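Taking it in order: structure first as structure tokens, then the write-up.
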Amino acid sequence: MRLVFLGVPGVGKGTQAEMVSAKYGIPKISTGDLLRAGVVQQTPLGKEAKQYMDRGDLVPDKVVIGLVEEKIGTSECEKGFILDGFPRTVNQARSLDQHLRHQDASIECALFLGASEETILERLSGRLVCSQCEESYHSAFRRPTLDSVCDECGAPVIRRRDDDPAVYRRRLKIYQKETAPLVEYYDAQGVLRRVASDRPVEAVADSVRRAVRGVV
Ligand code: AMP
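Reading the sequence shown from the start, the letters are residues 2 to 217 in this note's numbering.
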């Protein structure tokens, strides 16, 4: 199964991708998580990416494309993968298609999660993440058992810097310009499925499962 999740930052791609990953035993690849790990570990790639991420800008295509190609070439991804946060530009999508074509493969399903601006802002304003393992939390819907401490690894739970309202507005603008055209891109390939994400997580997950069932 080769799946792509699309939708504005904060719509719930990560949560839903994680659930599909757990159900089918297919790895989730989040470019945001990979880049943040690089920032924490201060790798050369992390150091380069940080300046873009802090501003809410996209990290250059060549950096993220290399990162994803390396990851999907590993034995872990033999049975497929679930991409979260990639592709984010038409150029990234074309590179991915080209890369997969060499392996006689393709993206089988692009799931577009849509929600109203009100829902997105509500989710983002409470979004929290573990500073170490990236486990996600929410101040209203999913609080850590102990205040500000990750249930999984015990590290501090924090707010993402790029969820700051000013940075988020910039990310949204870039999304509309660079990423929104991917909906049409995958629709033209006949692999797009739309799922309304203005609903409780489990209801969205049901729709996602139904959409995915057709491709596994
Ligand atoms: P995310 O966790 O997916 O919201 O990504 C956080 C940040 O990482 C984005 O605002 C970008 O700066 C960077 N990033 C993640 N994925 C990509 C991508 N596919 N292309 C370029 N930049 C990315």
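We put the CB at the ideal spot given by N, CA and C, even for glycine.
This structure is a prediction, so every number in the text was calculated from the model and none was measured.
Cβ contact annotation for aspartate 34 (same chain, cutoff 7 Å, sequence separation greater than five): Glu135, in chain order.
Assignment of valine 130 by DSSP, reduced to helix, strand and coil, places it in the strand class. A residue is called buried once 16 or more other Cβ atoms fall within 10 Å of its Cβ, and leucine 112 is buried on that count. Runs of alpha helix (DSSP H) with 4 or more residues, each lying fully within the segment 28-74, are found at 32-41, 45-56 and 62-73, listed in chain order. Selection Thr146, Ser198 and Met54 evaluated against alanine 38 yields Met54 as nearest (Cα-Cα). In the structure shown, proline 157 adopts extended strand secondary structure according to DSSP, grouped into three states. Taking the Cβ of leucine 101 as the reference point, every heavy atom of the ligand AMP lies at 6 Å or farther away. Linking alanine 141 to valine 9 through their CA atoms gives a straight-line distance of about 20 Å. Set against 6 Å, the gap from the CB of proline 166 to the closest heavy atom of the ligand AMP is not smaller. Taking C-alpha positions only, threonine 44 is separated from leucine 36 by approximately 10 Å. In the DSSP secondary-structure assignment, histidine 100 is not bridged to any residue. Within a 10 Å sphere around the beta-carbon of aspartate 85 sit 16 or more other beta-carbons, which makes this residue buried. When the beta-carbon positions are compared, glycine 81 and isoleucine 27 come within less than 7 Å of each other.
Short of 7 Å from the beta carbon of glycine 15, and not among the five residues preceding or following it, lie these beta carbons of its own chain, in chain order: Ser31, Asp85 and Ser137. Residues of the same chain with their beta carbon placed closer than 8 Å to that of glutamine 177 are lacking, with the five preceding and five following residues left out of the count. The Cβ-Cβ distance between tyrosine 186 and alanine 106 does not fall below 7 Å.
The C-beta distance from arginine 162 to valine 168 rounds to 7 Å, short enough to fall under 8 Å.
Between alanine 18 and phenylalanine 6, the C-beta spacing is below 7 Å. Taking a contact as a CB-CB distance under 8 Å, the pair arginine 172 and glycine 57 counts as one, their CB atoms being some 4 Å apart. For serine 117, same chain residues with a beta-carbon under 8 Å away, outside a window of 5 residues either side, are Asp199 in chain order.
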